[in-house]
Amino acid sequence: MTVDTTGQSALDYLHCRYGKSRLLFRGPRRKLDSPYVAFFGGTETYGKFVEDPFPALVEEATGRRCVNFGCLNAGADLYVNDPTLIDAASRAAVTVVQVMGAQNMSNRFYAVHPRRNDRFLRASSLMKTVFREVDFTEFNFTRHMLSTLNRVSAEKYGMVVEELKSAWVARMQTMLARVSGKVVLLWVRDARTPSRNETHDCLGNDPLFVDEEMVDILRPQLADVVEITPSVAAWRAGTAGMVYSEMEAPAAAEMPGPAVHEEIASALSPVISALIK
């Protein structure tokens with residue numbers, strides 16, 4: 004474990020850009036000439052606080068260039084609406100898409116920020132009608148907003164969840180239809196029991212609201228689905244081997260560490276090798 008007490012991030016992510024995308028990605032910047040493997044996903048794919056996230060480990064194991072397009076707290080909206088990323092995926096030999104939670108997408112009930120998908124922007128007229136007792140100007144993040152709705156009315160909250168699940172399937176289908184190459188869906192299941200002392204919410208573990216039925220709908224558009232539940236031992240390794248500042252310690256404790264990334268890479272690597280021959 005490396006801890007920096009300066010208050011600044013202890014790990015240099017070498018942020019870079021690709022094409023006309025307005026997003027910053029983890030570097031170093033890679034050449035997008037074939038063959039390469041593109042990785043779409045959220046905080047886990049990006050590898051927050053981890054020197055060698057699983058895309059880098061897959062590259063080491065397979066010998067194939069792996070380009071990490073993971074973004075912190077990303078949802079499907081981020082990838083569907085970025086032509087540069089869709090083009091990069093279409094030119095890749097394989098694209099690995101991490102299952103991202105359904106909460107970080109715009110839908111009939113609320114809108115999220117187009118690049119920072121965990122940011123709640125506004126409630127729709129429908130949402131305000133259903134939840135007349137809620138002041139939506141108080142929310143900045145989707146999970147905070149949803150946890151409040153759950154406490155206000157479990158029944159009405161259930162309506163929002165069903166909308167999110169439908170929107171997730173539709174958005175993922177749109178993404179997959181726009182990518183002409185092979186796509187592997189990576190479903191990292193977090194089986195840990197949420198702590199009662201967690202301060203953010205009680206909604207459960209990521210990826211929120213995604214279930215087997217939703218993934219099964221996507222299978223005809225996929226080259227493969229890799230499901231992995233990291234071991235208890237990997238999670239218990241905690242922040243060992245992670246790099247973070249003293250101020251980042253609480254956030255680091257919630258993130259998958261190097262041991263989890265190694266298990267994800269071990270599950271993915273043979274699938275990638277089989278698809279690129």
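The number in my numbering is simply the position in the sequence shown, starting from 1, with 3 added. Note that the Cβ used here is the ideal one computed from N, Cα and C, for glycine as well.
Can you grab the Cα-Cα spacing for the pair residue i / residue j, in whole Å?
{"i": "residue 62", "j": "residue 157", "result": "44 Å"}
{"i": "residue 125", "j": "residue 189", "result": "30 Å"}
{"i": "residue 268", "j": "residue 233", "result": "11 Å"}
{"i": "residue 184", "j": "residue 105", "result": "24 Å"}
{"i": "residue 271", "j": "residue 64", "result": "10 Å"}
{"i": "residue 26", "j": "residue 132", "result": "34 Å"}
{"i": "residue 19", "j": "residue 83", "result": "20 Å"}
{"i": "residue 72", "j": "residue 100", "result": "10 Å"}
{"i": "residue 257", "j": "residue 247", "result": "12 Å"}
{"i": "residue 169", "j": "residue 240", "result": "36 Å"}
{"i": "residue 192", "j": "residue 206", "result": "15 Å"}
{"i": "residue 229", "j": "residue 187", "result": "7 Å"}
Is it right to say residue i is buried, meaning 16 or more other beta carbons lie within 10 angstroms of its own, or is it exposed?
{"i": "residue 275", "result": "buried"}
{"i": "residue 141", "result": "exposed"}
{"i": "residue 280", "result": "exposed"}
{"i": "residue 80", "result": "buried"}
{"i": "residue 319", "result": "With the chain covering 4 to 280 only, the question about residue 319 has no answer from this structure."}
{"i": "residue 209", "result": "buried"}
{"i": "residue 273", "result": "exposed"}
Is residue i a contact residue of the ligand ATP, with contact defined as CB to any heavy atom under 7 Å?
{"i": "residue 145", "result": "As for the ligand ATP, it is missing from this structure, which has no ligand bound."}
When you compare each of the options to residue i by their alpha carbons, which one comes out closest?
{"i": "residue 86", "options": "266, 184, 24, 195", "result": "24"}
{"i": "residue 21", "options": "194, 31, 14, 64", "result": "31"}
{"i": "residue 67", "options": "144, 59, 17", "result": "59"}
{"i": "residue 50", "options": "216, 278, 259, 266", "result": "259"}
{"i": "residue 110", "options": "154, 242, 165, 221", "result": "165"}
Is residue i helix, strand or coil when you go by DSSP?
{"i": "residue 82", "result": "helix"}
{"i": "residue 230", "result": "strand"}
{"i": "residue 88", "result": "helix"}
{"i": "residue 225", "result": "coil"}
{"i": "residue 211", "result": "coil"}
{"i": "residue 191", "result": "strand"}
Is the shortest distance between the beta-carbon of residue i and the beta-carbons of chain B less than 8 Å?
{"i": "residue 250", "result": "Any reference to chain B falls outside this structure, which holds one protein chain only."}
Subject >> Residue ranges of each alpha helix (DSSP H) within the stretch 5–80, 4 or longer >> reply: 46–49, 57–65
Runs of beta strand (DSSP E) lying entirely within the stretch 100–178, each at least 3 residues, in chain order: 113–115, 123–126
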